[in-house]
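Only one structure is covered here, and it is reproduced in the block below.
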Amino acid sequence: MARVLITGGSGFLGGHLAAAASAAGDDVTAAFHARRPESGPPVRWMPLDLEDEEGTIESVRRARPEIVLHAAAMAKPDDCAREPERAERVNTGGSRAMARACAAVGARLVLVSTDLVFDGAAPPYAEDAPVRPLSLYGRTKLLAERAVLEGAPDTAAARVTLLYGRPAIGGTSFSETLRTSWEAGKTTALFTDQYRTMIGGANLAAALLELAHSDFRGLIHVGGSERISRLEFGFRLAARLGVDPALIRPAAMADFSPPALRPADVSLDIRLARRLFRTPLLDCREGLAAAYPL
Ligand SMILES: NC(=O)c1ccc[n+]([C@@H]2O[C@H](COP(=O)([O-])OP(=O)(O)OC[C@H]3O[C@@H](n4cnc5c(N)ncnc54)[C@H](OP(=O)(O)O)[C@@H]3O)[C@@H](O)[C@H]2O)c1
Numbered sequence: 154m155a156r157v158l159i160t161g162g163s164g165f166l167g168g169h170l171a172a173a174a175s176a177a178g179d180d181v182t183a184a185f186h187a188r189r190p191e192s193g194p195p196v197r198w199m200p201l202d203l204e205d206e207e208g209t210i211e212s213v214r215r216a217r218p219e220i221v222l223h224a225a226a227m228a229k230p231d232d233c234a235r236e237p238e239r240a241e242r243v244n245t246g247g248s249r250a251m252a253r254a255c256a257a258v259g260a261r262l263v264l265v266s267t268d269l270v271f272d273g274a275a276p277p278y279a280e281d282a283p284v285r286p287l288s289l290y291g292r293t294k295l296l297a298e299r300a301v302l303e304g305a306p307d308t309a310a311a312r313v314t315l316l317y318g319r320p321a322i323g324g325t326s327f328s329e330t331l332r333t334s335w336e337a338g339k340t341t342a343l344f345t346d347q348y349r350t351m352i353g354g355a356n357l358a359a360a361l362l363e364l365a366h367s368d369f370r371g372l373i374h375v376g377g378s379e380r381i382s383r384l385e386f387g388f389r390l391a392a393r394l395g396v397d398p399a400l401i402r403p404a405a406m407a408d409f410s411p412p413a414l415r416p417a418d419v420s421l422d423i424r425l426a427r428r429l430f431r432t433p434l435l436d437c438r439e440g441l442a443a444a445y446p447l
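Using the numbering used here, you'd call the opening residue of the sequence shown number 154 and step up by one each time.
Here you go:
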């Protein structure tokens with residue numbers, strides 16, 4: 154039991170973190186930015202704007218956490234490409250402020266980073282693999298990692314992967330985007346040539362909570378235990394949900410030109426996390442069964 158501050162509590166991962174920490178008996182304060190969630194687990198809500206560095210530090214001082222799980226970010230690569238200065242302020246500046254605040258109040262800090270710090274050319278990626286983000290989003294998160302690891306003494310930076318599952322409080326995930334499109338009768342194009350080691354939100358939250366309560370410091374990779382293409386994941390999700398697979402159209406990355414470049418294969422090597430955590434890191438079959446019970 155600890156006093157835990159979760160940033161991005163109104164988002165997809167932060168919502169799962171708030172639910173997991175609250176269920177585990179932690180004393181949870183969860184931060185939102187745009188809108189305070191109206192339902193969810195019994196947590197204390199506080200407003201937070203990461204673009205305001207001094208305000209962020211003051212908010213953390215007032216919450217007096219022993220542990221900060223920093224999940225808030227501009228998390229969509231295309232949004233970051235469209236608003237690069239804001240993305241730098243939120244993702245890098247906000248993480249720098251969080252590190253200063255944690256150093257000042259003596260809190261342990263866990264930053265949620267991303268597999269998109271890699272260029273996708275040489276998977277699977279271990280923690281010491283060379284980084285080369287292809288997008289501004291990836292660069293802002295890489296600089297955030299450096300800022301927290303240098304700025305606060307008791308810090309872990311967890312690089313995590315594409316998320317799936319239903320929301321615990323708010324936000325959305327890869328699988329939910331597909332499910333809502335299919336429910337509306339829309340066909341979705343899914344890449345045959347883009348691979349991830351994706352993970353369910355609840356599964357990742359359990360692992361990150363374990364990390365937060367451990368004494369591990371430094372970089373760690375946390376993802377699912379299976380490398381899978383977006384197309385194959387889509388077929389497995391459709392089968393799980395009883396959706397007609399004809400609603401899935403195979404596509405190649407080269408057919409699209411989104412605002413932010415995506416790497417082809419940023420599968421993570423999760424051997425360190427598997428050694429450290431009791432929480433099992435699930436493959437897609439197990440993860441989809443847990444996330445979408447029949
Ligand atoms: N989603 C993925 O597949 C994925 C993959 C790898 C890594 N990650 C990382 O995982 C973390 C969580 O991602 P997610 O998918 O849960 O994101 P999300 O659902 O988009 O949630 C983002 C959260 O950040 C908050 N936020 C945004 N701007 C803020 C600001 N200026 N000040 C304070 N809070 C702000 C949002 O608050 P409001 O909603 O109240 O505005 C929301 O709670 C992020 O650090 C992301 O980089 C995600």
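No residue lacks a Cβ here, since even glycine has one placed at the ideal position from N, Cα and C.
Quick caveat: nothing in here was measured; it's all calculated off a predicted structure.
By DSSP's criteria, residue i is part of a beta bridge. Which residues make up the other side?
i      : result
Gly353 : Tyr317
Asp418 : Tyr348
Val157 : Val181, Ile220
Met406 : Note: Met406 sits in no beta bridge, so no partner.
Pro200 : Phe185
Glu267 : Note that residue 267 is Thr in the sequence shown, not Glu. Partner(s): Val313.
Gly371 : Ala309
Ser175 : None; Ser175 has no bridge partner.
Ile401 : Thr341
Looking at ligand 1, does it come within less than 7 Å of residue i, judged from the CB to the closest heavy atom?
i      : result
Phe386 : no
Asp202 : yes
Thr160 : yes
Leu394 : no
Met199 : no
Ala274 : no
Phe344 : no
Thr182 : no
Met251 : no
Ala187 : yes
Gly193 : no
Ala309 : no
Ala224 : yes
Val265 : yes
Asp268 : yes
Thr350 : no
Gly291 : no
Phe165 : yes
Gly208 : no
Ala365 : no
Gly247 : yes
Val313 : yes
Val243 : yes
Please classify residue i: does DSSP put it in a helix, a strand, or coil?
i      : result
His169 : helix
Thr340 : coil
Arg188 : coil
Tyr278 : strand
Arg249 : helix
Asp180 : strand
Pro230 : helix
Ala311 : strand
Leu262 : strand
Ile322 : coil
Ile210 : helix
Val284 : coil
Gly164 : coil
Ser382 : strand
Pro237 : helix
Q: For the stretch 159-177 and the stretch 320-331, state whether three or more C-beta atom pairs, one from each stretch, are separated by less than 8 Å.
A: Counting Cβ pairs under 8 Å, three or more are found: they touch.
Q. Hey, is the stretch 204-220 in contact with the stretch 228-238, meaning 3+ C-beta pairs nearer than 8 Å?
A. As far as the Cβ criterion goes, the stretch 204-220 does not touch the stretch 228-238, which means the pair count is below three.
Q) Quick check: the stretch 396-404 against the stretch 294-314, are there 3 or more CB pairs under 8 Å? A) Touching, no.
(Q) Under 8 Å, with one C-beta from each stretch per pair, do the stretch 416-436 and the stretch 264-271 reach the 3-pair mark? (A) Between the stretch 416-436 and the stretch 264-271, the count of Cβ pairs shorter than 8 Å is three or higher; the stretches touch.
Q: Check whether the stretch 369-388 touches the stretch 423-438, taking contact to mean three or more Cβ pairs, one atom from each stretch, closer than 8 Å.
A: Yes, the stretch 369-388 is in contact with the stretch 423-438.
Q. Is there contact between the stretch 279-293 and the stretch 313-328, where contact requires at least three CB pairs shorter than 8 Å?
A. Under the 8 Å Cβ criterion, the stretch 279-293 does not count as touching the stretch 313-328, having fewer than three qualifying pairs.
Q | Three-pair Cβ contact test at 8 Å for the stretch 351-370 versus the stretch 169-186 | A | Taking 8 Å as the limit for Cβ pairs, the verdict is that the stretch 169-186 does touch the stretch 351-370.
Q.
Tell me whether the stretch 336-345 and the stretch 298-314 touch, counting them as touching only if at least three CB pairs, one residue from each stretch, are closer than 8 Å.
A. No, because fewer than three Cβ pairs between the stretch 336-345 and the stretch 298-314 fall closer than 8 Å, the two stretches do not touch.
Q. Would you call the stretch 194-202 and the stretch 251-260 in contact, with 3 or more CB pairs under 8 Å?
A. Segments in contact, no.
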